[in-house]
Amino acid sequence: MSLKKTPDLYEKLIVQAWDENGRAWIDAVRDHGIRAPGVASRDALLAAINDHVQPNSRVLDVGCGEGWLVDLLTGSGFRAVGVDASRELIEYAQEHRKGHYVVGDQSDLAKLGLGIFDLVVCNFSLFGDETVRRCVMSVPQMLTPGGVLIIQTLHPMMFSGNEVAKSGWREGTWADLPGDFGEPSPLYVRTLDDWSRLFSEAGLGVSRMLAPTAGNADPKSLIFVVSRCERTGQ
Numbered sequence: 159m160s161l162k163k164t165p166d167l168y169e170k171l172i173v174q175a176w177d178e179n180g181r182a183w184i185d186a187v188r189d190h191g192i193r194a195p196g197v198a199s200r201d202a203l204l205a206a207i208n209d210h211v212q213p214n215s216r217v218l219d220v221g222c223g224e225g226w227l228v229d230l231l232t233g234s235g236f237r238a239v240g241v242d243a244s245r246e247l248i249e250y251a252q253e254h255r256k257g258h259y260v261v262g263d264q265s266d267l268a269k270l271g272l273g274i275f276d277l278v279v280c281n282f283s284l285f286g287d288e289t290v291r292r293c294v295m296s297v298p299q300m301l302t303p304g305g306v307l308i309i310q311t312l313h314p315m316m317f318s319g320n321e322v323a324k325s326g327w328r329e330g331t332w333a334d335l336p337g338d339f340g341e342p343s344p345l346y347v348r349t350l351d352d353w354s355r356l357f358s359e360a361g362l363g364v365s366r367m368l369a370p371t372a373g374n375a376d377p378k379s380l381i382f383v384v385s386r387c388e389r390t391g392q
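In C-alpha cells, the structure reads:
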C-alpha cells in the first residue's frame with residue numbers, strides 16, 4: 159500500500175532527497191561543471207547580485223549546497239555566509255570552500271542568529287510550500303535598509319509548456335544532471351501570481367524579473383529581484 163503524500167510528507171521528502179543525493183550533487187558541481195562560467199542561469203544570477211551589492215557587502219546564501227556561490231563571492235571580497243539543511247553539503251563546503259557555513263533550516267532563518275545582510279539569495283533552493291513561505295516571511299527582518307532578496311527558481315513554463323495555471327506539488331527529476339542520483343526531491347511550483355502574493359504578504363515587492371536563456375532556447379529559470387516595500391506615513 160502506497161503512503162499518501164501529505165504536504166508535511168512532501169516537505170520531509172525534500173530533506174531526505176538532499177541527504178541521499180548530497181555526494182552526487184557535489185560531484186556534479188565539482189566534476190561536471192553544472193555551475194561553470196557560461197551557464198546562463200549562473201551568469202544571470204551573478205549579474206543580478208553585482209547590480210545590487212558591492213564587495214564587502216554581507217550576503218546570505220540560503221540553501222547554499224556545497225558552497226560554490228559563497229566561495230565565489232568570498233573570493234571577490236564579499237562577506238558571504240551559506241546556510242543549508244544538509245550536513246553533508248555544509249561539511250564539504252567548510253572543508254573545501256571559502257566563506258562561513260552553517261547547518262540550518264531555511265524555515266527558521268531568524269533563529270540562526272546570523273545578523274542582517276545587504277542581500278539574501280536563494281538559488282534553486284526553494285523546493286517546498288510552507289517552508290518556503292516561512293523563509294520568505296523571515297527575510298525582511300534580516301535585510302539592511304535598501305537590501306534585496308534574489309530568488310532563482312525553475313521557470314513555470316518547464317512544467318506545462320506554458321505558464322502554470324495552478325500552484326501545487328510536482329515530482330522532481332535529476333534527468334538533466336550528470337551523475338549517479340537517486341530518488342529526486344519533490345517540489346512545490348508556484349504561479350507568478352502566487353509568488354507575488356507571497357512577496358506582498360512578507361512586505362516585499364518585485365522590482366525586476368529575469369528569464370535567463372541560452373541562445374534561442376526557452377528559459378529554464380526565473381529570477382526575482384525583491385525589496386522591502388517602504389511604508390509611507392499618513
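Under our numbering, the first residue of the sequence shown is numbered 159, with each subsequent residue one higher. Quick reminder that beta carbons are idealized off the backbone N, C-alpha and C, glycines included.
Exercise for the section: Starting from the N-terminal side, write out each stretch of the beta strand (DSSP E) that is 3 residues or longer and does not extend beyond the region 226 to 263. Expected result: 237 to 242 and 258 to 261
Problem - Backbone CA spacing between His254 and Asn374 [nearest angstrom] - result: Numbered from its first residue, the sequence shown carries residue 254 at position 96. Numbered from its first residue, the sequence shown carries residue 374 at position 216. So the alpha carbons of these two residues sit roughly 36 angstroms apart.
Handout entry: Close Cβ partners of Gly180 (< 6 angstroms) along its chain, the five nearest in sequence each way excluded
Key = Numbered from 1 along the sequence shown, position 22 holds the residue referred to as residue 180. Answer for Gly180: Ser244, Glu246 and Leu247, listed in chain order.
Practice task
Report the partner residues of Gln310 according to the DSSP bridge assignment.
Solution key: Residue numbering aside, residue 310 sits at position 152 when the sequence shown is read from its first letter. In the DSSP output, where bridge partners are listed per residue, Gln310 has Asn281 and Ile381.
Problem - Rounded Cβ spacing between Leu227 and Asn281 (contact assumed at less than 8 angstroms) - result: On the sequence shown, position 69 is the one that residue 227 refers to. On the sequence shown, position 123 is the one that residue 281 refers to. Contact flag correct, Cβ pair sits at about 6 angstroms.
Practice task
Could you say which of Tyr346, Gly240 and Pro195 lies nearest to Gln264 if we only look at CA atoms?
Solution key: One-based indexing of the sequence shown puts residue 264 at position 106. Closest option to Gln264, Cα to Cα, is Gly240.
Problem - From Gly326, Arg386 and Thr331, residue whose alpha carbon lies closest to that of Thr349 - result: Position 191 of the sequence shown, counted from the first residue, corresponds to residue 349. When each option's Cα is compared against that of Thr349, the closest is Gly326.
Handout entry: Spatial distance of Met316 from Phe285 (CA atoms)
Key = Locating residue 316 in the sequence shown gives position 158, counting from the first residue. Locating residue 285 in the sequence shown gives position 127, counting from the first residue. C-alpha separation (whole angstroms): 15 angstroms.
Exercise for the section: From the DSSP output, in three-state form, read off Val187 for me. Expected result: For the purposes of this step, residue 187 is identified with residue 29 of the sequence shown, where counting begins at 1. Val187 falls in the helix class under three-state DSSP.
Problem - Cα-Cα separation, Leu362 to Gln299 - result: As a working mapping, residue 362 is identified with position 204 in the sequence shown. As a working mapping, residue 299 is identified with position 141 in the sequence shown. Cα to Cα, the separation comes out at about 11 angstroms.
Problem - Assigned exposure category for Ala372 - 16 Cβ within 10 Å defines buried - result: For the purposes of this step, residue 372 is identified with residue 214 of the sequence shown, where counting begins at 1. So Ala372 counts as exposed.
Exercise for the section: Taking the CB atoms as reference points, tell me whether Leu277 and Val220 lie closer together than 8 angstroms. Expected result: Position 119 of the sequence shown holds residue 277. Position 62 of the sequence shown holds residue 220. Not a contact, by the Cβ cut-off of 8 angstroms.
Handout entry: When Ala198, Leu167, Gly223 and Thr164 are compared against Ala186, the one with the closest alpha-carbon
Key = Sequence index remark: in the sequence shown, residue 186 carries index 28 (1-based). Looking at the Cα atoms, Gly223 is the closest of the given residues.
Practice task
Drop a sphere of 10 angstroms on the beta-carbon of Arg386, count the other beta-carbons inside from all chains shown, and report buried for 16 or more, exposed for fewer.
Solution key: What you label residue 386 is simply residue 228 of the sequence shown in a count that begins at 1. Buried.
Practice task
Whole angstroms is fine: what's the gap from Arg291's alpha carbon to Ser358's?
Solution key: Your numbering for residue 291 matches position 133 in the sequence shown. Your numbering for residue 358 matches position 200 in the sequence shown. Cα to Cα, Arg291 sits roughly 11 angstroms from Ser358.
Handout entry: Sufficient close CB pairs (3 or more, under 8 angstroms) joining the region 169 to 180 to the region 334 to 343
Key = yes
Handout entry: Closest residue to Phe236 among Asp201, Asp229, Asn214 and Ala198 (Cα-Cα distance)
Key = Position 78 of the sequence shown, counted from the start, is the residue given in the question as residue 236. Here the closest residue by C-alpha is Asn214.
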